[in-house]
Amino acid sequence: MSTSSYPRLTVLAALLAGAFGTAQAQQGPNAGPAPIAPEGQIDSVVVLGSARHDATVLSSSAPVDVITPQQLKETGAVSLNQALAQLHPSFNFPQGQNAVKGQGVRSASLRGVSPAYTLVLVNGKRRHTAAQLSGTDPWPAATVVDLNTIPLSAVSRIEVLRDGAAAQYGSDAIAGVVNIVLRENATGGEAAVHGGGYSDGGGHTTAVNAWKGFRLGRDGFVTLSLDRLKNTQVDRSEADWRQLFPNGDPRNDSFDRKYGTWGQAERSNWSALANGEVPLSAGLVAYGWINGSYKSSSNHVNPERVVKAVTNNATVTDGTRLGENDILAIYPDGYQPWMDYRARDGAAAAGLRYETDSFGKLDVAVSLGYNETARDTYNTGNPAYGAATKTHFYLGSWKSDTTSLTADYVRQLATAWTDSLALSAGLTGRHERWRTGDLGDPAGYSGGPLAGQIVGSLYPGTRYAADTTRIPGSGSSTSGIKPEDAGEIERNVAGAHAGIDAQLTRRWQVGATARYEHYSDFGGTGNFRLTSRFDATPSFAVRGTVSSGFHAPSLAALGFQSTGTTSNWSNSGSGALTPGQTRQFRPADPVAAPFGARPLDPEKSRTYSFGAVLRSDGNASLTIDAYRLKVDDVIIATDTLQGATVTAAFNRAGLNGFTQASYYLNGWNSRTDGLDIIGKSQLRAGGGLLDLHASASFLRTRVSDVQRFVTIGGAQVLAVGNAKVRDAEWGTPKNKLLVGARYAIGDWNVDGTVTRFGKYRYNVGDVAGSVAANGNTDQVFSPETYLDTSIGYRLSERWKLDLVVQNVFNRYPDKYITANRSSGINPFSFIAPNGASGRFVYAGVSYKL
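Read left to right, the sequence shown gives residues -25 to -1, 1 to 824 (mature numbering (1 follows the signal peptide of the UniProt record, and there is no 0)).
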């Protein structure tokens, strides 16, 4: 941790101590009775992290947090992912992602590491991942859970376990666990309509949320929830700084350079969920839930200029030549394709739960998950067909499904040698499948009649006649799924776990969990988790955990293959100098072995954490938790492998015309050291109730044992450049601070939160600070501070108005320096933690049913 972090720690500690002390002062002899905290504000029962039925946020031996529906609602967030980013210091996920591979999926990242290391549960059951490999800068592409498929209106609370828990919950729970607990209402309901947009234009948003509870039999319930979200695109593009047309073309001086679009995607989402439970007999309950969603988003991608793009330093053009993707008969001034992403998602769970004091609790369940993603590209073309090209191509789809069977048993006991004892055990079986669905439109990637021809031959007698650029044989934007890339892969997982949580004395509790899992493709793995907590006084305790973890490579990482046309554009300037084809290989494909690929190994982790819990006699608390997370054999994608050695390897493999290769590999080991601080206080003030909160997350990631080179044809070829390493170490803000207050009096409530993100960095050159081949250079982004506020007024028992302003002062992150605007029109980075859209104003009305 850098020394510059310590002044901020001092300020934070002072704020927390002030809130903590104020709450204690309010409980003095003349203060009167302590206010009763709403559930989840100061302390509440949790199910994550312990088998004990009486575990709470502040009595747990591991760091667990609870986020309430009130908190979710008053953020004004229109999605679950956005709400968590605003409410939790350890939660990070860039809110401005608009890249092709990241525009549709919004997941959870804890402790600054990949979302693939955070397990998501719904009512304690594992949630399936999306089918698409999502490339969310700065993390490697992975298949992750899409949080925004779950209606916000269906959520009762969210529990966040900030600790490794693979022994308790299985693969993926390396950085932590997010458990989304659903509403269980037999009566009541609410409907809300909100609308808003950005004060600088765009992002016009309409959101409709509703839920209703129904009684099922005498003691059962069914709760129905529905969310509808629609927003227009945000455009924060600026004039293209690059040369757009060949030398001597008068349009270089007259053309309107503010021609493109760059910003958050247009979205249209539907999601619905039904959750129910009914008693069958004494102690026996049947339960289940079903969830469906449909999402679409559309966004523009990198513009295609008329002039040829190459990797020359800074200029990024060859002014004497046309671009190989030009289709001048249709797009004489160039063009900007746009992508449309669609996802259908379904999930269901059903089970039986039997519980009595003498028997304990047995929960047997089956859960299903399905996801299908499909993509189209518009305003594009295949230059190999010239004027006859189509301008819209369907790119194909991917599908994934998961079936899980679980049986979990917990029993609470009282023994002579413990104050309380909880025993837990369970069995799990899971079938996972990933596959390509529809193939892409052949017209988008096939070689038309002009494929391979010299551009100059199409324009005799013009300034372009001497142009020797050859026309590629595929569309200008992302290629569709080709027949040779189709595939299917599946696995079976079987596991068993057992654990014990014991209150050995009034002050000392311990816990131990062990899990064994067998993967049909990777064999067996055993993991453990040990926890302990000692309450030195009623108001002060220390706690710690040690655990191991396991993360199997996703089926998509094992089964994905992509064939396309080489690009001249890249962040690092490593694009192809001449047109050709590119192949992302499956790691275990024998054809990929001569390129240095080999079957992937699972990622394995070890987590150490130690913390303290302070609690006043009144409603104030402070938790401080330090951790170290070590992950070995981190799975990443190689840099682009190219050059004469690579081309020769393609030729030997019978893949003539291919010039670039890539694949997933176990690229390095990582270590993340961090500190989480969370303080809360509640007190009466001026006749109302004041909730104060301050929290912070500090982290540092370091990478070691990097597999820098692979051997191809007896030569060493760079596979993992330093820029990729620096992305892992610097692409996420090194700290995040949240300070806020909520005041409620009568029919009014007012909420305000200040969020500060620390420095982060955009990395390109192989040597830190160096200039890459296309003129890009490393850039450090300054800390960012934002104020969000909300005001609510209850008109009557049923009606309520609310107004939310996010980013009150209309702050933006630092802009890219000119040379880093690789698409010419993008002024801001993809990795800006709060996005780059400006102030968002949002108002609405809700009605209690």
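Built from N, CA and C at the ideal position, the CB exists for glycine as well.
For a cut-off of 8 angstroms, the C-beta gap from Ala142 to Ser522 is around 6 angstroms, short enough to register as a contact. Considering only Leu85, Lys709 and Lys100, the residue with the shortest C-alpha distance to Arg405 is Lys100. Under the DSSP assignment, Val253 falls in the beta strand (DSSP E) whose first and last residues are Glu241 to Ser256. When the alpha-carbon of Leu402 is set against those of Thr381, Gln208 and Ala167, the nearest one is in Thr381. In this structure, the beta-carbon distance from Arg132 to Val97 does not fall below 8 angstroms. In this structure Ala363 is not in contact with Asn346, their Cβ atoms being roughly 36 angstroms apart against a cut-off of 8 angstroms. In the structure shown, Trp705 adopts helical secondary structure according to DSSP, grouped into three states. Around the C-beta of Asn160, 16 or more other C-beta atoms lie within 10 Å, and the residue is accordingly described as buried. Shown here, Thr180 sits in a strand according to DSSP, grouped into three states. In this structure, DSSP gives Asp614 a state outside helix and strand, which the three-state scheme calls coil. Classified as exposed, Ala304 has fewer than 16 neighbouring CB atoms from the shown chains inside 10 Å of its CB. Under the three-state reduction of DSSP output, Glu407 falls in the strand class. CA-CA distance, Thr512 to Ser128, rounds to 40 angstroms. Taking a 10 Å sphere around the C-beta of Asn154, we find 16 or more other C-beta atoms and assign the residue as buried.
Nearest in C-alpha terms to Pro126, of all of Lys365, Gly267 and Leu370, is Gly267. Relative to Gly629, the option among Ala595, Ala572, Val566 and Ile610 whose CA is nearest is Val566.
Bridge partners of Val692 according to DSSP: Val685. Per DSSP, reduced to three states, the secondary structure at Tyr360 is helical. Burial check for His493: the Cβ neighbour count within 10 Å stays below 16, so the residue is exposed.
Counting only residues of its own chain and dropping the five nearest sequence neighbours on each side, Ala148 has a CB closer than 6 angstroms to the CB of Leu94, Ala140 and Ala141. Annotation: the continuous beta strand (DSSP E) that includes Lys775 extends over Trp774 to Gln781.
Less than 8 angstroms separates the beta-carbon of Val281 from that of Leu219.
By the neighbour-count criterion, in which a residue is buried when 16 or more other Cβ atoms sit within 10 angstroms of its Cβ, Gly689 is exposed.
Along the region 137 to 221, the alpha helix (DSSP H) occurs as fully enclosed runs of 4 or more residues at 141 to 144, listed in sequence order.
Going by DSSP, Val621 is part of the alpha helix (DSSP H) stretching over Ala619 to Arg627. Under the criterion of beta carbons closer than 8 angstroms, Asn67 and Lys579 do not qualify as touching, at roughly 23 angstroms. Beta-bridge annotation (DSSP): Arg504 is paired with Thr488 and Ser522. Beta-carbon to beta-carbon, Asp138 and Ala37 are separated by about 5 angstroms, close enough to satisfy the 8 angstroms threshold.
For the 8 angstroms CB-CB criterion, Ile475 and Ala487 form a contact.
For Ser399, the CB contacts under 6 angstroms within the same chain, skipping 5 residues up- and downstream, are Ala26, Val385 and Gly474 in chain order.
Under the DSSP definition of a beta bridge, Leu85 partners with Phe66. Distance from the CA of Asp564 to the CA of Arg573, rounded to the nearest whole angstrom, comes to 8 angstroms. Counted as a single uninterrupted DSSP element, the stretch harbouring Arg386 is not any alpha helix (DSSP H) but the beta strand (DSSP E) occupying residues Phe368 to Thr390. Going by DSSP, Lys579 is part of the beta strand (DSSP E) stretching over Glu578 to Arg590. In this chain, the alpha helix (DSSP H) harbouring Ser229 covers Arg226 to Ser229. Rounded to the nearest angstrom, the Cβ distance from Lys709 to Leu664 is 35 angstroms, too far for a contact under 8 angstroms.
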